[in-house]
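> So the numbering used here is basically just the index in the sequence shown, starting at one, shifted up by 58.
C-beta atoms are modelled at their ideal positions from N, C-alpha and C, and glycine is treated no differently.
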Amino acid sequence: MDMLNGGLAGKLILFSIPLAFSSILQQLFNSADVAVVGRFAGDQALAAVGSCVALVGIFVNLIVGLAVGPNAALANLIGQKNRGKINSMVHTILTFGAVLGIALLVIGMMVARRILVASGTPETVLDQALLYIRIYFVGIPFMVAYNFGAAIVRSYGDTRRPMYYLIVSGVLNVILNLLLVIGFHLGVAGVAIATVISNVVSTFLIISHLYQRNDEFSFRFDRMRIDINELKKVLAIGIPAGIQGAIFSVSNVFIQSGINMFGESAIAGSSLALNFEYFTYDIANAFAQAAVTFTSQNFGAGNLKRCKKIFWLCLAFGFGFTEILSIIFMIWDDFFVSIYTVSEAVAVYGLIRMHHVCSLEGLTATYEVESAALRGMDKSLEPSIITILGTVVFRLIWLVTVFRMFPTYGMLMNVYVVSWILTGGAIFVVYVLYMRKLEWQIQWKPSK
Numbered sequence: 059m060d061m062l063n064g065g066l067a068g069k070l071i072l073f074s075i076p077l078a079f080s081s082i083l084q085q086l087f088n089s090a091d092v093a094v095v096g097r098f099a100g101d102q103a104l105a106a107v108g109s110c111v112a113l114v115g116i117f118v119n120l121i122v123g124l125a126v127g128p129n130a131a132l133a134n135l136i137g138q139k140n141r142g143k144i145n146s147m148v149h150t151i152l153t154f155g156a157v158l159g160i161a162l163l164v165i166g167m168m169v170a171r172r173i174l175v176a177s178g179t180p181e182t183v184l185d186q187a188l189l190y191i192r193i194y195f196v197g198i199p200f201m202v203a204y205n206f207g208a209a210i211v212r213s214y215g216d217t218r219r220p221m222y223y224l225i226v227s228g229v230l231n232v233i234l235n236l237l238l239v240i241g242f243h244l245g246v247a248g249v250a251i252a253t254v255i256s257n258v259v260s261t262f263l264i265i266s267h268l269y270q271r272n273d274e275f276s277f278r279f280d281r282m283r284i285d286i287n288e289l290k291k292v293l294a295i296g297i298p299a300g301i302q303g304a305i306f307s308v309s310n311v312f313i314q315s316g317i318n319m320f321g322e323s324a325i326a327g328s329s330l331a332l333n334f335e336y337f338t339y340d341i342a343n344a345f346a347q348a349a350v351t352f353t354s355q356n357f358g359a360g361n362l363k364r365c366k367k368i369f370w371l372c373l374a375f376g377f378g379f380t381e382i383l384s385i386i387f388m389i390w391d392d393f394f395v396s397i398y399t400v401s402e403a404v405a406v407y408g409l410i411r412m413h414h415v416c417s418l419e420g421l422t423a424t425y426e427v428e429s430a431a432l433r434g435m436d437k438s439l440e441p442s443i444i445t446i447l448g449t450v451v452f453r454l455i456w457l458v459t460v461f462r463m464f465p466t467y468g469m470l471m472n473v474y475v476v477s478w479i480l481t482g483g484a485i486f487v488v489y490v491l492y493m494r495k496l497e498w499q500i501q502w503k504p505s506k
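1) Give me the residue from Leu470, Leu230, Glu402 with the minimum Cα distance to Leu454.
2) Whole-angstrom Cβ separation of Phe277 and Ile265, contact assumed at under 8 Å?
3) Compare the Cα-Cα distances from Arg462 to each of Ser354, Gly482, Ile317, Val395 and report the closest residue.
4) Assuming Arg212 contacts His267 (C-beta within less than 8 Å), just tell me the rounded distance between them.
5) Quick test of the definition: if touching needs 3 or more C-beta pairs under 8 Å, does the stretch 104–123 touch the stretch 302–311?
6) Over what stretch of residues does the alpha helix (DSSP H) that includes Asn272 continue unbroken?
7) Find out if the Cβ-Cβ distance for the pair Ala209, Ala125 is shorter than 7 Å.
8) Please return the same chain residues whose Cβ sits closer than 7 Å to the Cβ of Val148, not counting the five positions on each side in sequence.
9) In the DSSP assignment, find the alpha helix (DSSP H) that holds Met221 and state where it starts and stops.
10) Residues in the same chain with beta-carbon distance under 6 Å from Asp285, minus the five sequence neighbours each way, listed in chain order, please.
11) Compare the beta carbon distance of Ser227 and Ser177 with 7 Å and say whether it is the shorter of the two.
12) For Thr217, which option in Thr424, Tyr336, Ser74, Ile443 has the closest C-alpha, if you only look at C-alpha atoms?
13) Could you check the C-alpha separation between Leu158 and Thr459 for me, to the nearest Å?
14) Does the distance from the C-beta atom of Gln102 to that of Val175 stay below 7 Å?
15) Taking DSSP as the reference, what is the three-state secondary structure of Ile251?
16) According to the neighbour-count rule (16 or more other Cβ atoms, all chains shown, within 10 Å of its Cβ), is Phe242 buried or exposed?
17) Starting from Val157, trace the alpha helix (DSSP H) in both directions and tell me its first and last residue.
18) Using 7 Å as the threshold, is the C-beta distance between Thr338 and Leu383 below it?
19) Starting from Asn205 and walking both ways along the alpha helix (DSSP H), at which residues does that stretch end?
20) Go ahead and label Gly215 buried or exposed: buried means 16 or more other beta carbons lie within 10 angstroms of its beta carbon, across all protein chains shown.
21) Would you decide whether Asp91 is buried or exposed? Buried here means 16 or more other CB atoms lie within 10 Å of its CB.
22) Can Met61 and Gln355 be called in contact, C-beta distance under 7 Å?
23) How big is the Cα-Cα spacing for Trp502 and Gly360?
24) Taking Cβ positions, are Ala326 and Ala93 nearer each other than 7 Å?
25) So, at 7 Å on beta carbons, what are the nonlocal neighbours of Lys291 in its own chain, with the 5 sequence-adjacent residues on each side left out?
26) Please state whether DSSP places Cys110 in a helix, a strand or coil.
27) Just how far apart, CA to CA, sit Ala484 and Thr445?
28) As an exercise, report each continuous alpha helix (DSSP H) stretch of at least 4 residues that is fully enclosed by the stretch 269–323, in chain order.
29) Whose C-beta lies closer than 7 Å to the C-beta of Ala349 among residues of the same chain, with five residues either side of it excluded?
30) What number of angstroms, rounded off, separates the C-alpha of Lys506 from the C-alpha of Ile500?
31) When you compare only the Cα positions, how much space is there between Ile233 and Ile443?
32) Considering only residues of the same chain and omitting the five flanking positions on each side of Leu163, which have a CB-CB separation below 8 Å?
33) In terms of residue numbering, what span does the alpha helix (DSSP H) encompassing Ala187 cover?
34) Find out if the Cβ-Cβ distance for the pair Gln138, Gly358 is shorter than 7 Å.
35) What residue does the alpha helix (DSSP H) around Phe393 start on, and which one ends it?
36) Which two residues bound the contiguous alpha helix (DSSP H) that contains Ala405?
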């Protein structure tokens, strides 16, 4: 895909739709864990999986955030037409990914119990939650490898191939869920094993594709090494984005502790409602990924005017398409909730969360696209700091002030929307000021 020339709107949509569909498919297959457990293993097993959602989110968001670095660094090289460094960058990215995956596996195993206990996971489901999360963490190295490999493929505009790979691994995940839970009665262990196997398959497919290439994006095991200078470029963008994603999820651990106060039905209801938030958020995030990739290439090419157009189109598309899906969920809310549970008590909490949070999920496009556009222009630290303040710090303040005064489940859920508005508004101010600074530098740059 030529991101440097021609119309933008159509290309942004063509780039983002397969990416959004990939993420939705991935979440759809992951939500099969929740649906299968909820219907065939009982509310307690569903609550056990639900108790792990925030902890899983910390690691997943860290990995996805770090993958922004490889995407942006490679796209920037493409924009600069500096193809001589691409292959070395590809091998640096994948070698670092292998090391990172093993490190996260070890860390996850060490902190799992402590985080689950600290978040107030009920004793009745703690053992099942630990069993689920420890098996899940076995797949973390493969998850890192897949996301870094997919970031490489997306950097040159191919978002369809990762989608095809996720379809294959996702269908396998659903089949294994049903087989291991219904056929072998493995409960939470069954869905965790299915997830690990599906991660292995998707990783095998993406690495195989890169191995079969014969251009600068090809991968060979005997070339695996880390170039420190190239790694610094990747981490300069990836670390702030990764920390932002991880700490963003840390705030959800604290919110999960508030949810746990309302009992197993609330935990299970919140867990199932999260699936709809993930579906809608995937659309906003897809246009954010488009923003960072297109912006990185055009910023590398020195086309600031085109970068601004990319920003506004991604912001409009991200908000609009996300809200369309949110509205669909709201119209048929009872039907969608019934897919995951037959318990009326669980459904009540699921519906409350949907109406308070999912209905305004389009607001996530504001801070996501704004952050992505800034990262595409080599400015990654500021949006991360603002997101940390607007989510973790603000949500903690909300928990000890507003929620303490009005300790209802609905008031706890309101913290999401308020934090999105504050964070999106603050990052927008940073974007406008930074863009003005860049335009001023271009205007007053001495002519040669």
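So, from the listed chains and residues:
1) Leu470
2) 7 Å
3) Ile317
4) With 8 Å as the limit, Arg212 and His267 do not qualify as a contact, their Cβ atoms being about 12 Å apart.
5) yes
6) Segment: none, Asn272 is in no alpha helix (DSSP H) and carries neither H nor E.
7) yes
8) Ile210, Phe275, Phe277
9) 218–236
10) Ser146, Thr150
11) no
12) Ser74
13) 38 Å
14) no
15) helix
16) exposed
17) 144–176
18) yes
19) 198–213
20) buried
21) buried
22) yes
23) 15 Å
24) no
25) Ala131
26) coil
27) 9 Å
28) 286–318
29) Ile368, Phe369, Cys372, Val427, Ala430, Ala431, Gly434
30) With a pLDDT of only 48 at Lys506, under 50, the local geometry of the prediction cannot be trusted, and the value read off the model is given with reservation. Those two C-alpha atoms are separated by around 13 Å.
31) 41 Å
32) Phe195, Val196, Ile198, Pro199
33) 181–195
34) yes
35) 391–396
36) 402–414
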